[in-house]
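Engineer:
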Amino acid sequence: MSTAAAGHHDHDDHGPAKGWTRWLYTTNHKDIGTLYLLFSLVMFFIGGGMALIIRAELFQPGLQLVDPLFFNSMTTMHALVMIFGVVMPAFVGLANWMIPMMIGGPDMALPRLNNWSFWIMPFAFLLLLSTLFMEGGGPAGGWTLYAPLSLQGGDSFAFVIFSIHFMGISSVMGSINIVATIFNMRAPGMTLMQMPLFVWTWLITAYLLIAVIPVLAGAVTMLLTDRFFGTSFFNAAGGGDPVMYQHIFWFFGHPEVYILILPAFGIISSIIPTFARKPLFGYASMVYATGSIAFLSFIVWAHHMFTVGMPLAGEMFFMFATMMISVPTGVKVFNWIATMWRGSMTFETPMLFAIGFLVMFTIGGLSGLMLAITPADIQYHDTYFVVAHFHYVLVPGAIYSIMAATYYWLPKWTGNMYDEKWGKIHFWVSTVFLNVLFFPMHFVGLAGMPRRIPDYSLQFADWNAVASIGAFGFGFSQLIFVYVIFKCIKGGEKATSEVWEGADGLEWTVPSPAPYHTFEKPPAQFS
Amino acid sequence: MLLAGKLALFSLGMFAFGYIVMPPLYNVICDLTGLNGRTNSAAVSMPTGEGVTDRLVTVEFVSVVNSSAAWTFKPAQLTMEVVPGKTYKAFYTAVNLTGRAAVGQAVPSVAPSSAAKYFNKIECFCFTKQEFEVAASKEMPLIFFVEPDLPRSIDTITLSYTYFDTGEAPVDIDLTDS
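Line order of the protein sequences matches chains B and D. Counting from 1, position 468 in the first sequence corresponds to residue 468 in our numbering; the numbering is continuous, with no gaps. Counting from 1, position 109 in the second sequence corresponds to residue 109 in our numbering; the numbering is continuous, with no gaps.
(1) Between D:89, D:44, D:97, which has its C-alpha nearest residue 135 of chain D's C-alpha?
(2) Is there contact here, the segment 220–232 of chain B with the segment 276–283 of chain B, by at least three beta-carbon pairs under 8 Å?
(3) What residues match up with residue 137 of chain D in a beta bridge as DSSP calls it?
(4) Kindly list the residues whose CB is nearer than 6 Å to the CB of residue 124 of chain D, restricted to its own chain and excluding five residues on each side of it in sequence; keep chain order.
(5) Compute the distance between the beta-carbons of residue 255 of chain B and residue 297 of chain B, then report whether it is under 8 Å.
(6) Express the C-alpha separation of residue 18 of chain B and residue 12 of chain B in angstroms, rounding to a whole number.
(7) Mind listing, in chain order, the continuous alpha helix (DSSP H) runs of no fewer than 4 residues lying wholly within the segment 329–404 of chain B?
(8) Using the Cα positions of residue 251 of chain B and residue 215 of chain B, report the straight-line distance between them to the nearest angstrom.
(9) Kindly indicate if chain B contains any beta-carbon less than 8 Å away from that of residue 162 of chain D.
(10) Using beta-carbon positions only, say whether residue 184 of chain B and residue 113 of chain B come within less than 8 Å of one another.
(11) Write down the C-beta distance between residue 85 of chain B and residue 475 of chain B rounded to the nearest angstrom, noting that I regard them as a contact closer than 8 Å.
(12) Cβ of residue 105 of chain D less than 8 Å from any chain B Cβ?
(13) Is there a C-beta anywhere in chain B that falls below 8 Å from the one on residue 118 of chain D?
(14) Return the first residue and the last residue of the beta strand (DSSP E) that residue 478 of chain B is part of.
(15) Nearest-angstrom Cα distance between residue 231 of chain B and residue 239 of chain B?
(16) With 16 as the cutoff for other CB atoms within 10 Å, does residue 73 of chain D come out buried or exposed?
(17) Compare the C-beta of residue 177 of chain D with all C-beta atoms of chain B and state if any pair is closer than 8 Å.
(18) Report the option in B:53, B:274, B:473, B:416 whose CA atom is closest to the CA atom of residue 428 of chain B.
(19) Could one say the Cβ of residue 184 of chain B lies closer than 8 Å to chain D's Cβ atoms, at least one of them?
(20) Give me the chain B residues within the contact set of residue 166 of chain D, using Cβ-Cβ distance strictly less than 8 Å, ordered along the chain.
(21) Where does residue 7 of chain B fall in DSSP's three states?
(22) Grab the span of the beta strand (DSSP E) containing residue 20 of chain B for me, first residue to last.
(23) In this structure, does DSSP put residue 120 of chain D in helix, strand or coil?
(24) Quick check on DSSP: helix, strand or coil for residue 105 of chain D?
(25) Using a Cβ-Cβ distance under 8 Å, would residue 23 of chain D count as near chain B?
(26) Need the endpoints of the beta strand (DSSP E) that residue 74 of chain D sits in, please.
(27) Just mark residue 316 of chain B as buried or exposed, buried being the case when its beta carbon has 16 or more other beta carbons within 10 Å.
(28) What does residue 157 of chain D pair with, by DSSP beta-bridge criteria?
(29) Which residues does DSSP list as the beta-bridge partners of residue 163 of chain D?
(30) Take every Cβ of the segment 88–103 of chain D, pair it with every Cβ of the segment 153–173 of chain D, and state whether three or more of those distances are shorter than 8 Å.
(31) Kindly indicate if chain D contains any beta-carbon less than 8 Å away from that of residue 162 of chain B.
(32) For residue 64 of chain B, write down the residues that DSSP places opposite it in a beta bridge.
(33) Just to make sure I have the definition right: I need the residues of chain B whose C-beta is within less than 7 Å of the C-beta of residue 113 of chain D. Which are they?
(34) State the CB to CB distance for the pair residue 90 of chain B and residue 37 of chain B, rounded to an integer number of angstroms; the pair is presumed to be in contact (CB under 8 Å).
(35) Quick one: what's got a C-beta closer than 7 Å to residue 349 of chain B's C-beta in the same chain, skipping five residues either side?
(36) Determine whether the beta carbon atoms of residue 441 of chain B and residue 388 of chain B lie at a separation below 8 Å.
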């Protein structure tokens, strides 16, 4: 009796704690990954709701629904929520769930830090969203918070700054944890060049985060002291320079762009080989391309500022450096296509999202190349063409990769297969509406419609109405995503441990659902 | 964890780089290169040697009052034809219409920015703040010269001043009188 009881007791100790405090106190990488992903899903609908307010106002010319200040705070908040509250936490959540399992480690290297980096996030966003209900309203000067405009709002600005500080602390702690995990927790014998690409891209992303998030913290701290403590970093009357804010901000901002897409590259590099049933073409070149993109991201920031009045030599440098990024990115796109070439392809939902990513991200990359051309950019600057560009790389880019990853690993997380029919419906409905939403923005942008404006001239009316219809279609079709996830958590066809026929990697060697603790004994195949 | 500690230190270092190093670095780069139209913010000495008399450069004077501050701020002359190497005197006039005693500060900028480092101010009202009584008007002098080695491709230099109300209370004006 005693041995059986002791054995039973042992087993209990290794399961999740009971009650809701499990989620508060957890240091388990899978629990924290789940928390991040659910947080990101909630924020996706909050940020999406803001986008629908914007598109409802822009459905026809004139001011109908909201006042312009509120409209401006919607564009600002939509961006802050989607970037810091949706895409980044979702990638961190995926990293938490998958990196220890992919490298054969038992957990993240710093589990308590991990708990803390998640639990800062809800409070950071509570601070940020609460500014909407304060006197003077939320931040309304655009997510870039350009001085001096951003300094002219209400006192709630301090809350915005502090919430950005909190998000930054969370991201930096999460990144330190990921780097420490990758360097210290790999299965014995696993070399860096044997790591899955998702792990590689996250390693490089984590370094980018550690390098640039503190610079953003510095920039917003300067805004804070300019606004409340009488410094003149960006105030020309006191000897400062508002253009300097743009330089510092984009020194953060451009690597941030790659922070939002490199993990996506890793996800796509996991999914395409699985459903093409071929190993990834050009693994080493993928790693080097990721590294090159990360390096180049530090020397192209001023392409966001071609119209501030730079000397010709500066414009030429930033133009050519920017165009150079398309070389490693082109290597990646080529490798993904070469992986599919003559593969035995099947088109389950994760693969549909991955191919959707490949096609539409490339459209966004191409419009990015157009924007890199300095003389052309002076025409495109701050128009809807820019809006179309970055939504093409972020929505069918980053967001589609997150959805692909969710469908791909959901059976591993829940132990149940998701509903394939509804998954495919989700993909096709989203893809159609997404293009109805964002493609017309190219046209109105090239015709000169400025961004961040609640009203517009009549000649833009038709395409704006079309885009708004696409927006509502895309927004509501995401309810299908929630339905599929919910249904999959509740039950469904039991998943095998491999889940996918062509899947390769350590995460597919553990049972589905993945036990609460995996790889307490490291896997042997690398030593 | 040694690695985690190093990474945390690195992130603190990057914060210091952003907050402490970047602003002075930016100023140094702008001052050295004249990027951003930055001209000298402290007086330089008189030019030595002869002016280059075989060419004339047009200097245009522009004025802007920042945001909606209740000031008038205008140059006394719109353009001047100058010989590079010779010194000239120009004037700007500012009137305080704010209804209170106020302090103003002008911030200069030169276009094209490649001309900025050839445009030198020997004396300028922009070097200091000016205190104004209610409705006071001041004519403020500027003494400058254009360096003789200004590239031949530049024949017009635009000097722009933006006038700011610093929001400070004047120190030297007895406010009880006004």
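For every residue, glycine included, the Cβ atom is placed at its ideal position computed from N, Cα and C. It should be emphasised that the depicted structure is a prediction, and the values quoted were computed from it without experimental measurement.
Structural biologist: In brief:
(1) As a position in the second sequence, residue 135 of chain D is number 135, starting the count at 1. Nearest of D:89, D:44, D:97 to residue 135 of chain D, Cα basis: D:97.
(2) no
(3) Counted from its first residue, the second sequence places residue 137 of chain D at position 137. Answer is D:95, bridged to residue 137 of chain D.
(4) Within the second sequence, the letter at position 124 stands for residue 124 of chain D. Cβ within range, chain order: 142.
(5) Locating residue 255 of chain B in the first sequence gives position 255, counting from the first residue. Locating residue 297 of chain B in the first sequence gives position 297, counting from the first residue. For residue 255 of chain B and residue 297 of chain B, yes; Cβs fall inside 8 Å.
(6) Your numbering for residue 12 of chain B matches position 12 in the first sequence. Your numbering for residue 18 of chain B matches position 18 in the first sequence. At residue 12 of chain B, the pLDDT of 44 sits below 50, so the modelled position is not reliable; the number obtained from the coordinates is stated separately. If I take the Cα positions, the gap works out to 10 Å.
(7) 349–372, 374–380, 384–393
(8) Counted from its first residue, the first sequence places residue 251 of chain B at position 251. Counted from its first residue, the first sequence places residue 215 of chain B at position 215. When rounded, the distance between both Cα atoms is 8 Å.
(9) Here residue 162 of chain D is taken as the residue at index 162 of the second sequence, counted from 1. Judged by the 8 Å Cβ criterion, residue 162 of chain D is in contact with chain B.
(10) Counting from 1 along the first sequence, the entry for residue 184 of chain B is found at position 184. Counting from 1 along the first sequence, the entry for residue 113 of chain B is found at position 113. It is not a contact, given that the beta carbons lie outside the stated cut-off.
(11) As a first step, residue 85 of chain B is located in the first sequence; it is residue number 85 there, counting from the start. As a first step, residue 475 of chain B is located in the first sequence; it is residue number 475 there, counting from the start. Actually they are not in contact, since the Cβ atoms of residue 85 of chain B and residue 475 of chain B sit about 16 Å apart, beyond 8 Å.
(12) For this step, residue 105 of chain D is matched to residue 105 along the second sequence. For residue 105 of chain D, the answer is yes, since a Cβ of chain B falls inside 8 Å of its Cβ.
(13) Mapped onto the second sequence, residue 118 of chain D falls at position 118. No, residue 118 of chain D lies away from the interface with chain B (no Cβ there is under 8 Å from its Cβ).
(14) Here residue 478 of chain B refers to the residue found at position 478 when the first sequence is read from its first residue. Note, residue 478 of chain B: premise wrong, no beta strand (DSSP E); alpha helix (DSSP H) at 461–490.
(15) Within the first sequence, numbered from 1, the residue matching residue 231 of chain B stands at position 231. Within the first sequence, numbered from 1, the residue matching residue 239 of chain B stands at position 239. Each residue's Cα considered, the two are about 10 Å apart.
(16) As a first step, residue 73 of chain D must be located in the second sequence, where it is residue number 73. Buried, by the Cβ-count rule.
(17) The residue you call residue 177 of chain D lines up with position 177 of the second sequence. Below a pLDDT of 50, predicted positions are generally treated as unreliable, and residue 177 of chain D, at 48, falls in that range; the measurement from the model is reported next regardless. Closer than 8 Å: no.
(18) As a first step, residue 428 of chain B must be located in the first sequence, where it is residue number 428. With distances taken between Cα atoms, residue 428 of chain B lies closest to B:473.
(19) Translated into the one-based positions of the first sequence, residue 184 of chain B becomes position 184. Answer yes: the Cβ-Cβ gap between residue 184 of chain B and chain D drops below 8 Å somewhere.
(20) Counting from one through the second sequence, the residue named residue 166 of chain D turns up at place 166. Simply 237, 238.
(21) Numbered from its first residue, the first sequence carries residue 7 of chain B at position 7. Reliability of the predicted coordinates at residue 7 of chain B is poor, the pLDDT of 41 falling under 50, and no value is obtained from them.
(22) Here residue 20 of chain B refers to the residue found at position 20 when the first sequence is read from its first residue. Looking at the DSSP string, residue 20 of chain B is not in any beta strand (DSSP E), and its letter there is neither H nor E.
(23) Locating residue 120 of chain D in the second sequence gives position 120, where the first residue counts as 1. Of the three classes helix, strand and coil, the one that applies to residue 120 of chain D here is strand, per DSSP.
(24) Along the second sequence, read from residue 1 onward, the residue named residue 105 of chain D stands at position 105. The answer is strand: DSSP assigns residue 105 of chain D an E or B state.
(25) As a working mapping, residue 23 of chain D is identified with position 23 in the second sequence. Chain B, which has a Cβ nearer than 8 Å to the Cβ of residue 23 of chain D, makes this yes.
(26) The residue given as residue 74 of chain D occupies position 74 in the second sequence. Here the beta strand (DSSP E) through residue 74 of chain D covers 71–75.
(27) Along the first sequence, read from residue 1 onward, the residue named residue 316 of chain B stands at position 316. Exposed.
(28) Taking the first residue of the second sequence as position 1, residue 157 of chain D is located at position 157. Paired residues: D:59.
(29) Translated into the one-based positions of the second sequence, residue 163 of chain D becomes position 163. Residue 163 of chain D is bridged to D:65, D:106.
(30) yes
(31) Position 162 of the first sequence, counted from the first residue, corresponds to residue 162 of chain B. Chain D contact via Cβ: absent.
(32) The residue you call residue 64 of chain B lines up with position 64 of the first sequence. Per DSSP, none; premise fails for residue 64 of chain B.
(33) Taking the first residue of the second sequence as position 1, residue 113 of chain D is located at position 113. Under the 7 Å cutoff, chain B gives 309, 311.
(34) For this step, residue 90 of chain B is matched to residue 90 along the first sequence. For this step, residue 37 of chain B is matched to residue 37 along the first sequence. Residue 90 of chain B to residue 37 of chain B, Cβ: 6 Å. Contact.
(35) By one-based count along the first sequence, residue 349 of chain B stands at place 349. 407, 420, 423, 424, 427.
(36) Numbered from its first residue, the first sequence carries residue 441 of chain B at position 441. Numbered from its first residue, the first sequence carries residue 388 of chain B at position 388. Yes, Cβ-Cβ distance for residue 441 of chain B and residue 388 of chain B is below 8 Å.
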